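Chemist: So the sequences go chain by chain: A and B.
For the first sequence, full-length UniProt numbering assigns the number 1 to the initial residue and increments by one for each residue that follows.
For the second sequence, full-length UniProt numbering assigns the number 1 to the initial residue and increments by one for each residue that follows.
Please read through the structure below; I'll follow up with questions.
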Amino acid sequence: MSDPANITLVTMDGTTFTVPSAYLHRSKLVQDWLRSEGDKQAMEVKHVTPFVLQGVLNFCEIHAEDTSEPLADPADPTKPFEADPRDDAFRGMPDDQLLQFTMAADILQIPELVRLTAQEMASRIDGKSPDQIRAMFNPDDLAEEDVDSDNEMGEVGEEGAISK
Amino acid sequence: MPSPRLPKELLTEIFTLLSPNIDALEHHFGRSTLFECSLVSRDWHTAALPLIWSYLRIDCYNLSSKRTFERLASSMTGAPQILARGIGLVANIELIVPPIGVEPNLSELLPSIVQTLQLFSRDQLRRIDISYMHHRNNTFFSALLSTLFPLICGLQHLEIYGISSIPTNRQDFPASFDRIFSLEKVENFSLSSLNTIPPEYLLGCLRTRGPQLRRLNITNCQSLLCESILRAVTDHCPNLTTLELRLHRSHVNPSLRQDITENTLCRLIDLCPRLKELRLFNIYAVSNIFLAHCAGRAHCMRALYIHDFLFRTTGEGVVDLSAWEGIRELVITHHENAWNDVKMDARFVWEVERQTHGLTVCQLGRDCVSRMSLGE
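Structure below.
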C-alpha cells in the first residue's frame, strides 16, 4: 500500500514523481483516485510528458498552502482574474508548451491552473488572424468539408461588414 | 504535425475569456477575435459557433437592420445555410424598440424582424431583454410581442426596460403587454423604469408562479414598490434567492406614497429563507429593527446592500449577527458619496468585525471594516 502522505504519479513514458498528497488537493482527478484507488502504488497520468508534469507539480507546490476558495469548474469567466507573480513562468512559456500545460491542467482537473493557462491562451489569441493562430498553436488539419464551412463563414463576415 | 487537440469544453472556456458580451451580428461585422477563432479549424469552429450565436441583438434603431434581418429571414430558404445554423443556436435576444420619430420606418422594418423572430423554434429562447422606449409605437411593439409569445414558452429570464415617456394608465400599454406576466417558466424577472405599470399585472404573476421565481428585480417602478407587491412576494415566493427593490431619488413621485412597512420587510426574511442576495435602495421602511431581524435570521444571506437616504439604518441596537456566518458582501450607505456619509453605530461596526469572517466587500456608512481594508 502506498504512503497516504505522498502520492506517486507515472507519466506516459514511465517516469515517476512522488510528491506530498497535499500538493494536489485541488486536483479533482487525484482526489477521486485517492478515494477509489488510493491503495494502489501509483497513479498513471497518461498523455502527460515528464516535463509538463514537473511544471504542473511546481504550480501545485507553489499554491499548496493557498487558502482561497476553490474555483468552480469550469471557472466563472465573469470573475476577475488577478495575475499572481508566482505564476510568471507560465506566462512566459512558448506557445506549444502553453498548449500542453493547458491540456495537462484539464486532464488533472485543476481549475486554478486551467484558468491561468486558458487566460494566457486567450490573451495570446486576442486580435490574431486565423493564420496567425494556426501558426501559434497548430491545431488539427482542416478536412475538405471544413474548408468549405470556413469559407462560408468567412463570406458571412465579409457580407456582414459590407451590409453594415 | 498538429498539436494535441484541445477538448471542446476547454476551447469553450478559453473562448469565453476572449470577447466582451457582443451579439452575433457584431461578431460578424467587427470580425471579433472569436469570429476569427471560428475560422481556425474544425474543432475551434465547433466550439466558437455556439458562443458567437448565443446572443442576438435586434436593434430597431439601426438603419441597416432591415437588410441584415432580411438576410437572416432568407437564410431558411437560401444560402448561406450557416446563418440558419447560427439562428438555431441563439438562446438570448435583446429587443430594442425605439421612440417614434427616431426610428427608421418601423412599418417597413417590421416584416423582416417578424420573419427573423419566426426563425426561432418553440422553446429555443431562454432570455429576452426588451428595451421599450415609448408607448406611442404600440402597434409595432404589439406586433413583435404577438410574434414572440408563441416562441417563448420556455423563457427563463425576462428583463424589461422602459425608457422615455411613461404610460399613464393601463390603456397606454401595448396590447398583449400583460401576457408578459403570464409566462410559465420565468425564474428571473426584472422590470425597470416602468413607472406606472398596473400592480395587478405583477400581482397575478407572483400569485400563480411565485414558487418558481428565483430572482426578482424591480427598479424605478414606483407603482410596484408597494406593500401589496411585497406581501405577494413574501406569501408566494419561498424560493427566491435574489431580490432587488430600487428607487432612484430622481424617480420619486411625491404624490405616490411608498406604503411598504417594516413588518413586511421582516416577514420577507422569515418567509423567503433562501434569500442570498438582497438589495434595498431608498425603501423607506428599512430600519434598525429590520437590520436586526435580518442579522439574526437570514442564514443564507451572502450579499446585503442597503441605501437608506433617510438615515434610519444606523445599526444601533443590532448586536446579534449570528445568522450572517456566511455573508460575503455587506454595504449600508446613506449618501452617494462615502466621505459625506454618516458614521454608523460603533458597537454594530465592532460586532460586524467580530462576528463575520468571510467578508470580501464591506462598507458601513463612511467606514470600511478594517479587516477588509487590509485584504485579509
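Ideal Cβ placement from N, Cα and C applies to all residues, glycine included.
A quick note: this is a predicted structure, and the numbers were derived from the prediction, not measured.
1) Any idea what DSSP makes of B:N21, helix, strand or coil?
2) Hey, does B:C37 have any beta-carbon neighbour from chain A nearer than 8 Å?
3) Measure the CB-CB distance between B:T46 and B:K8 and report whether it falls below 8 Å.
4) Ignoring anything shorter than 3 residues, give me the beta strand (DSSP E) runs that lie fully in the segment 199-233 of chain B, in order along the chain.
5) Where does A:Y23 fall in DSSP's three states?
6) For the segment 115-122 of chain B and the segment 176-193 of chain B, state whether three or more C-beta atom pairs, one from each stretch, are separated by less than 8 Å.
7) Would you say the segment 14-31 of chain A touches the segment 46-64 of chain A, given that touching needs at least three Cβ pairs under 8 Å?
8) Find the nearest neighbour of B:I14 within the set A:A89, A:R124, A:I7 and A:K28, judged by alpha-carbon distance.
9) Cβ closer than 8 Å: which chain A residues qualify as neighbours of B:T33?
10) With a threshold of 8 Å between beta-carbons, can B:P4 be considered close to chain A, or not?
11) Quick check for students: name the residue ranges of the alpha helix (DSSP H) that lie wholly in the segment 288-321 of chain B, counting only runs of 4 or more.
12) Would you mind stating whether A:L29 and A:L113 have Cβ atoms separated by less than 8 Å?
13) What residues from the segment 179-191 of chain B come within 9 Å of chain A, judged by C-beta to C-beta, listed N to C?
14) Please report whether the beta-carbon of B:P167 lies at a distance below 8 Å from any beta-carbon of chain A.
15) In chain A, which residues lie less than 8 Å from B:P7 when you measure between Cβ atoms?
16) For B:V318 versus B:A298, is the C-beta distance shorter than 8 Å?
17) For B:L56, which residues from the same chain have a beta carbon less than 6 Å from its beta carbon, with the 5 sequence-adjacent residues on both sides left out?
18) In whole angstroms, what is the alpha-carbon distance linking B:V186 and B:N239?
19) Scan the UniProt domain "SKP1 component POZ" (7-64) of chain A and note each continuous alpha helix (DSSP H) run of 4 residues or more that stays entirely inside, going in chain order.
20) Which of helix, strand or coil does DSSP assign to B:C368?
21) Quick check on B:S41 - is its C-beta less than 8 Å from some C-beta in chain A?
22) Leaving aside the five residues before and after A:T16 along the sequence, list all residues of the same chain whose C-beta is less than 8 Å from its C-beta, in chain order.
23) What does B:W44 reach in chain A if we use C-beta pairs closer than 7 Å?
24) At the level of alpha carbons, what is the spacing between B:I197 and B:S223?
25) Would DSSP call B:R274 helix, strand or coil?
26) Check whether the Cβ atoms of B:Q355 and B:V331 sit closer than 8 Å, and answer yes or no.
27) Looking only at its own chain, which residues have a Cβ that is under 7 Å from the Cβ of B:R249, when we skip the five neighbours before and after it?
28) So for B:C362, helix, strand or coil by DSSP?
29) Measuring only the C-alpha atoms, how far is B:L109 from B:L145?
30) What do you get for A:T102, buried or exposed, if any count of 16 or more other CB atoms within 10 angstroms of its CB means buried?
31) Over what stretch of residues does the beta strand (DSSP E) that includes B:E351 continue unbroken?
32) Helix or strand or just coil, what does DSSP make of B:D341?
33) Measuring only the C-alpha atoms, how far is A:D13 from B:W44?
34) So is B:E353 in contact with chain A if we call contact Cβ pairs under 8 Å?
35) Are the Cβ atoms of B:M286 and B:T313 separated by less than 8 Å?
36) Which residues does DSSP pair with B:G162 in a beta bridge?
Modeler: Taking the structure as given:
1) coil
2) yes
3) yes
4) 215-219
5) helix
6) no
7) yes
8) A:R124
9) I125, D126, G127 and K128
10) yes
11) 288-297
12) no
13) none
14) A caution first: B:P167 carries a pLDDT of 47, below 50, which makes its placement in the model unreliable, though a value can still be read off. Judged by the 8 Å Cβ criterion, B:P167 is not in contact with chain A.
15) D106
16) no
17) D23, A24, V90 and I93
18) 13 Å
19) 28-37 and 50-62
20) strand
21) yes
22) T8, L9, V10 and A42
23) P139
24) 6 Å
25) coil
26) no
27) N282 and F309
28) strand
29) 15 Å
30) buried
31) Careful: B:E351 lies outside any beta strand (DSSP E), inside the alpha helix (DSSP H) at A346 to Q355.
32) coil
33) 29 Å
34) no
35) Residue identity differs from the one stated: residue 286 of chain B is Val in this sequence, not Met. Against a cut-off of 8 Å, the Cβ pair of B:T313 and B:V286 comes out as a contact.
36) B:Y132
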